[in-house]
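Laid out in structure tokens, this is it:
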């Protein structure tokens, strides 16, 4: 495939994902029809099925891209800190910033588990934001890394972050949730040092 064909192929794929994202955020997955997606993207129905097996596969690609965007924001910001505690706190702030992108909380935390299932959603998270959280916890809590606690702690804290993002989206105080996350992290560090 020539470079220009590859570029056109990638542009078509991105146009489909962008159009689908807009519609999924506006109407929800169930209420979005593939003819609307191709019309919004300005491509043919054949182009949709050339790139994606079906609407669900397109939705999963959108979710994977959103999850990668969250992880990129966390990594970009948290790696500037040298102290593990500060890196985790900056990572938390970056997570909440990333989740403020319009529609992202709905897509990642509400629609994805319902559409592609909890195991698939958990796997996507494990490869993205949860992976950055795990790395941060390993640095902050080396004693947990040496025990069987790191996996469960990562999963539980990841769920706490997700619930906080949903609450913030619904009008909760982000500042309060950031303080609560910091208190959880500090409490864990204190408990595991004993």
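Numbering (my numbering), first residue to last: 524 to 717.
Glycine included, each C-beta is placed from N, C-alpha and C at the ideal position.
Classification of residue i by the beta-carbon crowding that lies within 10 angstroms, buried from 16 upward
{"i": "residue 681", "result": "buried"}
{"i": "residue 607", "result": "buried"}
{"i": "residue 659", "result": "buried"}
{"i": "residue 614", "result": "buried"}
{"i": "residue 713", "result": "exposed"}
{"i": "residue 568", "result": "exposed"}
{"i": "residue 543", "result": "buried"}
Residue from the options whose Cα sits closest to the Cα of residue i
{"i": "residue 560", "options": "605, 538 and 652", "result": "538"}
{"i": "residue 638", "options": "670, 547 and 528", "result": "547"}
{"i": "residue 665", "options": "708, 634, 648 and 715", "result": "715"}
{"i": "residue 704", "options": "603, 679 and 625", "result": "679"}
Three-state secondary structure assigned by DSSP to residue i
{"i": "residue 554", "result": "coil"}
{"i": "residue 677", "result": "helix"}
{"i": "residue 605", "result": "coil"}
{"i": "residue 619", "result": "helix"}
{"i": "residue 527", "result": "helix"}
Unbroken alpha helix (DSSP H) run spanning residue i, endpoints
{"i": "residue 630", "result": "Taken as a continuous stretch (DSSP letters only), residue 630 belongs to no alpha helix (DSSP H), as it is neither H nor E."}
{"i": "residue 659", "result": "652-663"}
{"i": "residue 713", "result": "697-716"}
Through-space distance from residue j to residue i, alpha-carbon basis
{"i": "residue 651", "j": "residue 577", "result": "24 Å"}
{"i": "residue 663", "j": "residue 699", "result": "22 Å"}
{"i": "residue 640", "j": "residue 553", "result": "14 Å"}
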